[in-house]
Amino acid sequence: MKRIITLALFLTAGFANAQAFSGKGDDKFQVGVNFQDMATGIMATYDHGIGENMSIGVYTTYLLGTDNNLGDPKFDDRFDVKARFSANIGNVIGLPEQVDIYPGLNLGLRNFGAHLGGRYFFTSGFGVFTELSTPIARYDSDVFGYEHLNNQFTVSLSASFNL
């Protein structure tokens, strides 16, 4: 019984110190999976706080599994990288400090788009993250075949780490 109480107190202390976004100088790294039509892949992001509620960063993805109808895409068809800006509004809308919601914009190799994400931190260094992303303007308005792979609505799920 003492072990259970000690573990509960330890976890409670960890939750009390968990903070999803602390403002300027805050660094986050996420790594996980990317889901989209005709493909799944791996993704990673890095975000750096530049203000109380703003961050900039980079998002990259590599598609591992693609629909058999597409054949075998080359590396540059599977890879994408985006620069991003996010407005971290968790504290603005009154969420607990271990939760952050962030809408934002991104500029990538294939399009200009928007994202909406959320993080929940269990401890001061580890949490989970999900993000929805969609293109607003594609560089090529008539995408087909491989071009469609990194030019569509995506869902990402991953682990998040404070650096």
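Here the sequence shown stands for residues -18 to -1, 1 to 145, numbered as in mature numbering (1 follows the signal peptide of the UniProt record, and there is no 0). Cβ atoms here follow ideal geometry from the backbone N, Cα and C, with glycine treated the same way. In this text, all values refer to a predicted model and were calculated from it rather than measured experimentally.
- Taking 7 angstroms as the cut-off, the Cβ atoms of Gly109 and Arg120 do not count as close.
- Excluding its 5 nearest sequence neighbours in each direction, Asp9 has C-beta neighbours in its own chain below 8 angstroms: Tyr28, Asp29, His30, Gly31, Asn144 and Leu145, listed in chain order.
- With contacts defined by Cβ atoms closer than 7 angstroms, Asn35 and Met25 do not form a contacting pair.
- In this structure, DSSP gives Phe135 a state outside helix and strand, which the three-state scheme calls coil.
- Looking at the DSSP output, Met36 shares a beta bridge with Gly33 and Ala69.
- By the Cβ-count criterion, Ala21 is buried, with 16 or more other Cβ atoms from all chains shown falling within 10 Å of its own Cβ.
- About 7 angstroms separates the beta carbon of Phe103 from that of Ser142, a gap short enough to meet the 8 angstroms contact definition.
- DSSP places Glu129 within a helical segment (H, G or I) once states are collapsed to three.
- Separation of the CB atoms of Ser140 and Gln18 is rounded to 15 angstroms, and the pair is thereby denied contact status at 8 angstroms.
- As DSSP reads the structure, Glu113 sits in a beta bridge with Gly99 and Ser138.
- Here Asp58 is exposed: its Cβ has fewer than 16 other Cβ atoms, across all protein chains shown, within 10 Å.
- Going by DSSP, Phe17 is part of the beta strand (DSSP E) stretching over Asp9 to Gln18.
- Contact between Leu45 and Gly23 is confirmed by a C-beta separation of about 4 angstroms, below the 8 angstroms threshold.
- Cβ-Cβ separation between Val81 and Gly72: approximately 5 angstroms, consistent with a contact (criterion under 8 angstroms).
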